[in-house]
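Written out below as structure tokens is the structure these notes cover.
Written out as structure tokens, the structure is:
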């Protein structure tokens, strides 16, 4: 999405939050939400919660998206992200909100504003009912994924299949929900809605797996290691290691929460077991699923190019140098030798 359109979404979102605030304390919480969104804008070249629903709508209709749609998905994303950070402990570390305030703000954003904004959209009752159901069903599935994610924290035994399912239910379902909301706003045929949901769900998984690799290998401070989160690369390594090697790796995971040396040891072990390459392979499988679903959806241009670019941004192997952050491509270029990764495991993924 163009910067001018992003600015328009941000401005309208701020107006909506301000107009509905009930007190100075609530305005303070909403101001934090706007500040958080502004941080996303400054740090990321592509805001999927804006560009995805906008491109899906424009890909179906060849018309400009109603501004309230990306405002709605942005507010949903803000609420989901705040609640996710609260569950992981990141919100407490940030120190700008108390856990209680984070809970209030996150639940308010996901449970009230989407429905208030839907009331303002010029859509049929049937369309609005479908969108209310889409939000409720999407959040329900995401909640289950979040619970699975929390249940695996600091565990010594976790399967890549379980992690993959959790990622699909969280990140995959989030993007599928955004795509479905856009498709219903466009009054798309049910089959068309399914194609875009399949595209977005696969894109969400690919993007999260790519992000998990970035967190482990590129970020200055790994939130996943600090929080004890068992992401796909870590789960793969735990599956491959046995006995003393596994125990050493688990000890390093614990020590790496405060030790850079232990974090380097983890990175070395992840590379040696093939965890990095397996994550890249599985990510590419989901990128291909997204491409296939997009071909079935047959979006109009120029929206089709935006949707294709979102796939390239998630891929480890994209050759095109987009203006976005090349996190994943840099990670893979660091691997000098591709370890022996079983075809059986790749097929399971």
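In the numbering used here, the protein residues as written are 2 to 350. Where a beta carbon is used, it is the ideal one built from N, C-alpha and C, also for glycine.
By the Cβ criterion, the segment 25 to 33 is in contact with the segment 98 to 106, since at least three pairs of Cβ atoms, one from each stretch, lie closer than 8 Å. Excluding its 5 nearest sequence neighbours in each direction, residue 304 has C-beta neighbours in its own chain below 6 Å: 56, 59 and 60, listed in chain order.
The beta carbons of residue 201 and residue 182 sit about 10 Å from each other, so the pair does not count as a contact at 8 Å. Your pair residue 281 and residue 312 does not check out as a contact, with CB atoms roughly 14 Å apart and the cut at 8 Å. Shown here, residue 68 sits in coil according to DSSP, grouped into three states, outside any helix or strand. Remark: C-beta atoms of residue 69 and residue 178 do not approach each other more closely than 9 Å. Rounded to whole angstroms, the separation of the alpha carbons of residue 39 and residue 51 is 13 Å. DSSP places residue 108 in the uninterrupted alpha helix (DSSP H) bounded by 100 to 112. Residue nearest to residue 317 within the set 297, 306, 302 and 277 is 277 (criterion: CA-CA distance). For residue 251, same chain residues with a beta-carbon under 6 Å away, outside a window of 5 residues either side, are 157 in chain order. Counting only runs of 4+ residues, no alpha helix (DSSP H) is found wholly inside the segment 279 to 308. Between residue 226 and residue 247, the C-beta spacing is not below 9 Å. Taking each of 162, 94, 112 and 186 in turn and checking the Cα distance to residue 127, the smallest one comes out for 186. When DSSP states are grouped into helix, strand and coil, residue 230 belongs to the coil group. Judged by DSSP in its simplified three-state form, residue 269 adopts helix.
Membership of residue 139 in the alpha helix (DSSP H) is indicated by the continuous run 126 to 152. Under the three-state reduction of DSSP output, residue 122 falls in the coil class, being neither helix nor strand. Contact check for residue 315 against residue 211 passes: the beta carbons are separated by less than 9 Å.
Following the DSSP letters along the chain, one finds residue 14 inside the alpha helix (DSSP H) bounded by residues 4 to 21.
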